[in-house]
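Trainee: Mapping the sequence shown onto the working numbering, position 516 (from 1) lands on 520, and the numbers just tick up by one.
Backbone N, C-alpha and C fix where the C-beta goes; we use that ideal spot for every residue, glycine too.
Below you will find the structure I want to go over with you.
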Amino acid sequence: MPSSAPPPPAASQLVPPTSPATVKTPVAPVKTPVAPVKSPGAPAAAPVSVPADRRRWFALAIVMTAAFMDLVDVTIVNIAIPSITRETGASVSAIQWITAGYALAFAAGLITGGRLGDIYGRKRLFLIGIGGFTLASALCGVAPDPETLVAARILQGATAALMVPQVLSIVHATFPAHERGKVFGLFGAVVGLGAVSGPLLGALLTEWDLFGLGWRPIFLINLPVGIAGLILGAKFISESKAPKAVRLDLPGVALITLAMLMLIYPLTRGHELGWPLWGHLSMVGSLFVFAALVIHQRRKALADGSPLIELSLFRVKSFAAGIAVQLTFGVGLGIFFLVWTLYMQTGLGWSVLRAGVTGIPFSVAVSVAAGISVQKLVPRFGRKVLQAGALLMITGLLIYLWESEQYGMGISSLQMAVPLVVMGAGMGLIVAPLTDMVLSEVPKEHAGSASGLINTVQQMGTALGLGLVSVVFFGAIGDRLVPEAVGPAFVAAFQQSLWWVAGVLSVIFLVMFALPARPRAHGESGPN
Numbered sequence: 005m006p007s008s009a010p011p012p013p014a015a016s017q018l019v020p021p022t023s024p025a026t027v028k029t030p031v032a033p034v035k036t037p038v039a040p041v042k043s044p045g046a047p048a049a050a051p052v053s054v055p056a057d058r059r060r061w062f063a064l065a066i067v068m069t070a071a072f073m074d075l076v077d078v079t080i081v082n083i084a085i086p087s088i089t090r091e092t093g094a095s096v097s098a099i100q101w102i103t104a105g106y107a108l109a110f111a112a113g114l115i116t117g118g119r120l121g122d123i124y125g126r127k128r129l130f131l132i133g134i135g136g137f138t139l140a141s142a143l144c145g146v147a148p149d150p151e152t153l154v155a156a157r158i159l160q161g162a163t164a165a166l167m168v169p170q171v172l173s174i175v176h177a178t179f180p181a182h183e184r185g186k187v188f189g190l191f192g193a194v195v196g197l198g199a200v201s202g203p204l205l206g207a208l209l210t211e212w213d214l215f216g217l218g219w220r221p222i223f224l225i226n227l228p229v230g231i232a233g234l235i236l237g238a239k240f241i242s243e244s245k246a247p248k249a250v251r252l253d254l255p256g257v258a259l260i261t262l263a264m265l266m267l268i269y270p271l272t273r274g275h276e277l278g279w280p281l282w283g284h285l286s287m288v289g290s291l292f293v294f295a296a297l298v299i300h301q302r303r304k305a306l307a308d309g310s311p312l313i314e315l316s317l318f319r320v321k322s323f324a325a326g327i328a329v330q331l332t333f334g335v336g337l338g339i340f341f342l343v344w345t346l347y348m349q350t351g352l353g354w355s356v357l358r359a360g361v362t363g364i365p366f367s368v369a370v371s372v373a374a375g376i377s378v379q380k381l382v383p384r385f386g387r388k389v390l391q392a393g394a395l396l397m398i399t400g401l402l403i404y405l406w407e408s409e410q411y412g413m414g415i416s417s418l419q420m421a422v423p424l425v426v427m428g429a430g431m432g433l434i435v436a437p438l439t440d441m442v443l444s445e446v447p448k449e450h451a452g453s454a455s456g457l458i459n460t461v462q463q464m465g466t467a468l469g470l471g472l473v474s475v476v477f478f479g480a481i482g483d484r485l486v487p488e489a490v491g492p493a494f495v496a497a498f499q500q501s502l503w504w505v506a507g508v509l510s511v512i513f514l515v516m517f518a519l520p521a522r523p524r525a526h527g528e529s530g531p532n
């Protein structure tokens, strides 16, 4: 068994195991040669093979469905935000917390969720996670007011953080090394399918208004899937643990969660409350909490070697640069997708279905470019592919900006297709190979914790970007607009937001120069 899990599939939020897997009930194919019993003059008996346990493929289908459910749930909500706002009267800050609350809870719990699985069993934590996720989805679907919905979304993110890290850990423990490449390829397909189907599924469920429930089916659809996953997972998934699981660093989890709350909460409430003094003090104070986290992690590493964050990883230049790229990329995406939805539905007055269909070219372009980048381009051109992706995204944003100014309120979905395809192609060139590029010079023994940290930082960036929407979008919209001024105000705010996202991508392009020119081939050891 390798000393650490392979890197996660491209563009996924899945966190590989943080330590070697020990399987209690192996379900991988096992061939056991049986010594033949010879009698004088008799031919040698052929070796007897134990047939492969087919349960591992049922287990794979179950964990992949759970991963798909999480991926779709992230994208399905944005498209329904305007409908949720209209029906519940959600405030600006509530809108942001419906999306950012999930990302923040997910980010804060990812590493902890992986370690809990190592200690108490990956199957057990997966079942707890999927059960909690299903319950939280039900609470979201029946939420009577925005405050309840925000609380349920935070619970949903926290339970997803228990469920998602177990997915690749279970795969690593269940499948032998020679089958994992095929399995990770399937995960890549699931990620692409989630990107394409999430917004469209959300649009259809909201537009159909099933049983008069409006937007609520986007959450309630998780109930039958989650219940089935819970029942079948208990039957088909085999339990596994890490033989030497790293201890939990609860003070580290508390510090990182507190720091993010002190930074993001004032950002989301600032515009609504008139940017009070306590908000500025809280944001400044978050820097000191982050500093305390670093000090605590250093002491924890010296005391028992079980810090939440392996700070030695940041001595690897490519990893430190990759973390910066992941953080800023998450910020840019967090801003764009929420603002884009509000622009189409509230600014232009489009239906939720039209907005969902408009996004299909973007999602398809992401999936196609992601496959080409990993298989064809990165092995030949290395880091230049990622930088080309950043430039393509900037180009698409500038085309979108020009069209928005040129056509104003009369812009059509067809006219949007060109910049969306360019942006989607650029995003696909970045997200698919980025994780492997960042991990390429990380020592093998730290690959698991490094992968978890990468995904955690990206989620934190997304939460921060969603918090910044108050500044870059709602800050540009005047208060108490008359109905006829809402559309033009949202269009103007969208245009301003695109400049911010383009600026973030420009920073990403420059930071990418610190990435390795080409990723190391799998199996090569990183620097010590």
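Note down, in chain order, each residue of its chain lying with its Cβ closer than 6 Å to the Cβ of Val495, except the 5 sequence neighbours on either side.
Mentor: Taking the sequence shown and counting its residues from 1, one reaches residue 495 at position 491. Only Gly351 meet the Cβ criterion.
Trainee: How many angstroms separate the CA atom of Pro280 from the CA atom of Thr460?
Mentor: Counting from one through the sequence shown, the residue named residue 280 turns up at place 276. Counting from one through the sequence shown, the residue named residue 460 turns up at place 456. Approximately 30 Å, taken between the alpha carbons.
Trainee: For Trp282, does the three-state DSSP call read helix, strand or coil?
Mentor: Stepping through the sequence shown from its first residue, residue 282 is reached at position 278. If DSSP states are grouped into helix, strand and coil, Trp282 belongs with the helices.
Trainee: With DSSP run on the structure shown, which of helix, strand or coil describes Val54?
Mentor: Your numbering for residue 54 matches position 50 in the sequence shown. Below a pLDDT of 50, predicted positions are generally treated as unreliable, and Val54, at 38, falls in that range; the measurement from the model is reported next regardless. In the structure shown, Val54 sits in coil (DSSP, three-state: anything other than H, G, I, E or B).
Trainee: Decide if His284 is buried, meaning its Cβ has at least 16 other Cβ atoms within 10 Å, or exposed.
Mentor: Residue numbering aside, residue 284 sits at position 280 when the sequence shown is read from its first letter. Exposed, because fewer than 16 other Cβ atoms sit within 10 Å of the Cβ of His284.
Trainee: Closer than 8 Å is the cut-off here; do at least three beta carbon pairs connect the region 503–515 with the region 352–371?
Mentor: Result no; under three Cβ-Cβ pairs closer than 8 Å.
Trainee: With C-beta atoms as the reference, is Ser474 less than 8 Å away from Gln100?
Mentor: Within the sequence shown, residue 474 is the residue found at index 470, counting from 1. Within the sequence shown, residue 100 is the residue found at index 96, counting from 1. Yes.
Trainee: Give the straight-line distance between the Cα atoms of Val515 and Gly135, rounded to the nearest whole angstrom.
Mentor: Here the question's residue 515 lines up with position 511 in the sequence shown. Here the question's residue 135 lines up with position 131 in the sequence shown. Going by the C-alpha atoms only, they are around 40 Å apart.
Trainee: Quick check: what's the CA-CA separation for Ile225 versus Ser355?
Mentor: Position 221 of the sequence shown, counting from 1, holds the residue named residue 225. Position 351 of the sequence shown, counting from 1, holds the residue named residue 355. Looking at the two C-alpha atoms, the distance is approximately 21 Å.
Trainee: Mind pulling the beta strand (DSSP E) runs of 3 or more residues that sit fully within the region 84–143?
Mentor: Those beta strand (DSSP E) runs which fall completely within the region 84–143 and span 3+ residues do not exist here.
Trainee: At which residues does the alpha helix (DSSP H) containing Ile481 begin and terminate?
Mentor: Within the sequence shown, the letter at position 477 stands for residue 481. Segment: none, Ile481 is in no alpha helix (DSSP H) and carries neither H nor E.
Trainee: Residues in its own chain within less than 6 Å of Gly491 by CB, not counting five upstream and five downstream?
Mentor: Here residue 491 is taken as the residue at index 487 of the sequence shown, counted from 1. Same-chain partners within the cutoff: Gly351 and Met413.
Trainee: Verify whether the separation of the beta carbon atoms of Ala142 and Gln160 is less than 8 Å.
Mentor: If you number the sequence shown from 1, residue 142 lands on position 138. If you number the sequence shown from 1, residue 160 lands on position 156. Taking 8 Å as the Cβ cut-off, Ala142 and Gln160 do not qualify as a contacting pair.
Trainee: Decide if Leu418 is buried, meaning its Cβ has at least 16 other Cβ atoms within 10 Å, or exposed.
Mentor: Within the sequence shown, the letter at position 414 stands for residue 418. Exposed, because fewer than 16 other Cβ atoms sit within 10 Å of the Cβ of Leu418.
Trainee: For Asp253, count neighbouring Cβ atoms within 10 angstroms of its own Cβ and tell me buried if that reaches 16, exposed if not.
Mentor: Taking the sequence shown and counting its residues from 1, one reaches residue 253 at position 249. It is buried - the Cβ of Asp253 has at least 16 other Cβ atoms within 10 Å.
Trainee: Whose C-beta lies closer than 7 Å to the C-beta of Thr466 among residues of the same chain, with five residues either side of it excluded?
Mentor: In the sequence shown, counting from the first residue as 1, residue 466 sits at position 462. Hits under 7 Å: Ala107, Gly334, Leu337 and Gly338.
Trainee: Decide if Asp308 is buried, meaning its Cβ has at least 16 other Cβ atoms within 10 Å, or exposed.
Mentor: In the sequence shown, counting from the first residue as 1, residue 308 sits at position 304. Label assigned to Asp308: exposed.
Trainee: Note down, in chain order, each residue of its chain lying with its Cβ closer than 7 Å to the Cβ of Thr272, except the 5 sequence neighbours on either side.
Mentor: Position 268 of the sequence shown holds residue 272. Hits under 7 Å: Ser97, Gln100, Trp101, Ala104, Gly471 and Ser474.
Trainee: Is Ser453 buried or exposed, if buried means 16 or more other CB atoms sit within 10 Å of its CB?
Mentor: Looking up residue 453 in the sequence shown gives position 449. So Ser453 ends up on the buried side.
Trainee: Beta-carbon separation of Met167 and Phe215 under 8 Å?
Mentor: The residue you call residue 167 lines up with position 163 of the sequence shown. The residue you call residue 215 lines up with position 211 of the sequence shown. No, the pair does not count as a contact, with Cβ atoms beyond the cut-off.
Trainee: Rounded to whole angstroms, what is the Cα-Cα separation between Ile313 and Gly326?
Mentor: The count along the sequence shown starts at 1 and reaches residue 313 at position 309. The count along the sequence shown starts at 1 and reaches residue 326 at position 322. Cα to Cα, Ile313 sits roughly 15 Å from Gly326.
Trainee: Assign Glu314 to one of three DSSP states: helix, strand, or coil.
Mentor: Position 310 of the sequence shown, counted from the start, is the residue given in the question as residue 314. Of the three classes helix, strand and coil, the one that applies to Glu314 here is coil, per DSSP.
Trainee: So what's Asp440 in DSSP terms, helix, strand or just coil?
Mentor: The residue given as residue 440 occupies position 436 in the sequence shown. Looking at Asp440 - three-state DSSP - the assignment turns out to be helix.
Trainee: Please look up how many angstroms separate the CB atoms of Ala207 and Ala421, rounded, as I've assumed it's under 8 Å.
Mentor: For the purposes of this step, residue 207 is identified with residue 203 of the sequence shown, where counting begins at 1. For the purposes of this step, residue 421 is identified with residue 417 of the sequence shown, where counting begins at 1. Actually they do not touch by this definition, with Cβ atoms about 16 Å apart.
Trainee: By a C-beta neighbour count over all protein chains shown, 10 Å radius and 16 as the cutoff for buried, is Gln410 buried or exposed?
Mentor: Locating residue 410 in the sequence shown gives position 406, counting from the first residue. Counting Cβ neighbours within 10 Å, Gln410 comes out exposed, since fewer than 16 surround it.
Trainee: What are the complete alpha helix (DSSP H) segments, minimum 4 residues, inside the region 144–170?
Mentor: Counting whole runs of 4 or more residues, the region 144–170 contains no alpha helix (DSSP H) stretch at all.
Trainee: Does DSSP classify Arg384 as helix, strand or coil?
Mentor: By one-based count along the sequence shown, residue 384 stands at place 380. Reduced to three states, the DSSP call for Arg384 is helix.
Trainee: Suppose the cutoff is 8 Å on Cβ atoms and the five residues either side in sequence are ignored; what does the same chain contact list for Phe179 look like?
Mentor: On the sequence shown, position 175 is the one that residue 179 refers to. Closer than 8 Å at the Cβ level, and outside the excluded window around Phe179, lie Ala32, Arg60, Leu64 and Val187.
Trainee: Kindly indicate which residue of Pro437, Ala392 and Ile415 has the alpha-carbon position closest to the one of Met427.
Mentor: For the purposes of this step, residue 427 is taken as the residue at position 423 of the sequence shown. Ranking Pro437, Ala392 and Ile415 by Cα distance to Met427 puts Ala392 first.
Trainee: The alpha helix (DSSP H) that contains Phe215, what's its start and end?
Mentor: Position 211 of the sequence shown, counted from the first residue, corresponds to residue 215. Note, Phe215: premise wrong, no alpha helix (DSSP H); not H, not E.
Trainee: Is the beta carbon of Ile458 closer than 8 Å to that of Gln330?
Mentor: Translated into the one-based positions of the sequence shown, residue 330 becomes position 326. Translated into the one-based positions of the sequence shown, residue 458 becomes position 454. The answer is yes: Cβ separation under 8 Å.
Trainee: Beta-carbon within less than 7 Å of Val476's beta-carbon, same chain only, minus the 5 sequence neighbours each way: which residues are those?
Mentor: Here residue 476 corresponds to residue number 472 of the sequence shown, with the count starting at 1. Closer than 7 Å at the Cβ level, and outside the excluded window around Val476, lie Ile339, Gln500, Ser501 and Trp504.
Trainee: Using a 10 Å radius around the Cβ and a threshold of 16 neighbouring Cβ atoms, would you call Gly432 buried or exposed?
Mentor: By one-based count along the sequence shown, residue 432 stands at place 428. Buried, because 16 or more other Cβ atoms sit within 10 Å of the Cβ of Gly432.
Trainee: Measuring CB to CB, does Ala162 end up less than 8 Å from Met264?
Mentor: Your numbering for residue 162 matches position 158 in the sequence shown. Your numbering for residue 264 matches position 260 in the sequence shown. Not a contact, by the Cβ cut-off of 8 Å.
Trainee: Can you find the residues in the same chain that come closer than 7 Å, C-beta to C-beta, to Met397, ignoring five residues on each side of it along the sequence?
Mentor: As a working mapping, residue 397 is identified with position 393 in the sequence shown. Hits under 7 Å: Met427, Gly430, Met431 and Leu509.
Trainee: What would DSSP say about Phe179, mapped onto helix, strand or coil?
Mentor: If you number the sequence shown from 1, residue 179 lands on position 175. Coil at Phe179, not helix or strand.
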